[in-house]
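Counting in numbering that gives the first Met the number 0, the sequence shown runs from 0 upward without gaps.
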Amino acid sequence: MTTKVRKMAAITMESFIQVFLIIIAIFFIFPFIWMICTALKPATEVLSWPPIIFPKRPTMANFLYVFETAPFGRYYLNSIFVSGVSTLSILITSSLAGYVFAKIKFFSRDMIFYIILATAILPLQSYLVLFYMMVAKIGGIDTYWGLILPGMVMSFGIFFLRQNIYSIPDELIDAARIDGASELGIYIRIILPLSKSALAAIAIYAFTVKWGQLIWPLVVVSTKDKFTTELGLTAFQQRFVVQYGPISAAAVICTIPTLVVFIVFNKQIIRGLTLTGLKG
0 MTTKVRKMAA ITMESFIQVF LIIIAIFFIF PFIWMICTAL KPATEVLSWP PIIFPKRPTM
60 ANFLYVFETA PFGRYYLNSI FVSGVSTLSI LITSSLAGYV FAKIKFFSRD MIFYIILATA
120 ILPLQSYLVL FYMMVAKIGG IDTYWGLILP GMVMSFGIFF LRQNIYSIPD ELIDAARIDG
180 ASELGIYIRI ILPLSKSALA AIAIYAFTVK WGQLIWPLVV VSTKDKFTTE LGLTAFQQRF
240 VVQYGPISAA AVICTIPTLV VFIVFNKQII RGLTLTGLKG
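As structure tokens, then:
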């Protein structure tokens, strides 16, 4: 009897957890569904009362309006370039720093690592002026490199890859050193191949973060030809009128790349998180 009661309790608890997770999933997915539906609504249905979720007369007019009003194709290319170069730089700097902090011993190694890790909790606003002054001094205002330079390093990426590289056996690296391999050779031939899943996870995370960045581009860029997609969204928010239909359509367009990247590389993200240990 006791065994049956325990089984029933376990089944009940599992069912409760599943229902709870479904509710949470709906809670997070609903705004995205609402955004898509709003993008497909004509202007008369966007602010109708009582509000309706699904459009009665779906239209692509809002999407056409987005491309007719602003050069969104150019914004897309700008975002792809800035996000792609930033992501590549983050992968290189994070993997190199992760290898150094995980496998090379030197004075104050852990202290320096924890200082870098502590910067992850600082909001961008706390060092925005400093970044702006540095970029202005090298003539990077209103340039693509001005957009990219401050985001070429990510403290979370260093932490994540350091934890992953820390789990690689020291014997493997010592054997390579005995065979005459240089530190750069060890990094290229051993560290990188064994960290593919973690690198993929960081690449996706970094690309998503850089793609959705707004504050820094808003500060450093003034020429519309260099606008990113997030800055392009502001073109549909006028002083006294907010165009909800076009804004929703533009937001859907901006969301597609990150959504595709996440769907395609979902397994790599999970594997990278699973294989990354938290020891050290």
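Cβ coordinates follow ideal geometry from the N, Cα and C atoms, glycine included.
- The beta carbons of serine 125 and lysine 209 sit no closer together than 8 Å.
- The three-state secondary structure of valine 241, taken from DSSP, is strand.
- Spanning the alpha carbons of lysine 104 and asparagine 265 requires a straight line of approximately 35 Å.
- For glutamine 124, there is no enclosing alpha helix (DSSP H), as DSSP marks it with neither H nor E.
- Each residue's CA atom was taken as its position, placing leucine 46 and leucine 127 some 37 Å apart.
- Taking the CA atoms as reference points, methionine 59 sits about 21 Å from arginine 73.
- Inside the stretch 32-56, DSSP marks whole alpha helix (DSSP H) runs of 4 or more residues at positions 42-45, from first to last along the chain.
- Glycine 179 sits in coil when the DSSP states are folded into three classes, being neither helix nor strand.
- Annotation: the continuous alpha helix (DSSP H) that includes valine 84 extends over 71-102.
- Short of 6 Å from the beta carbon of cysteine 253, and not among the five residues preceding or following it, lie these beta carbons of its own chain, in chain order: Thr228.
- In this structure, DSSP gives leucine 116 a helical state, which the three-state scheme calls helix.
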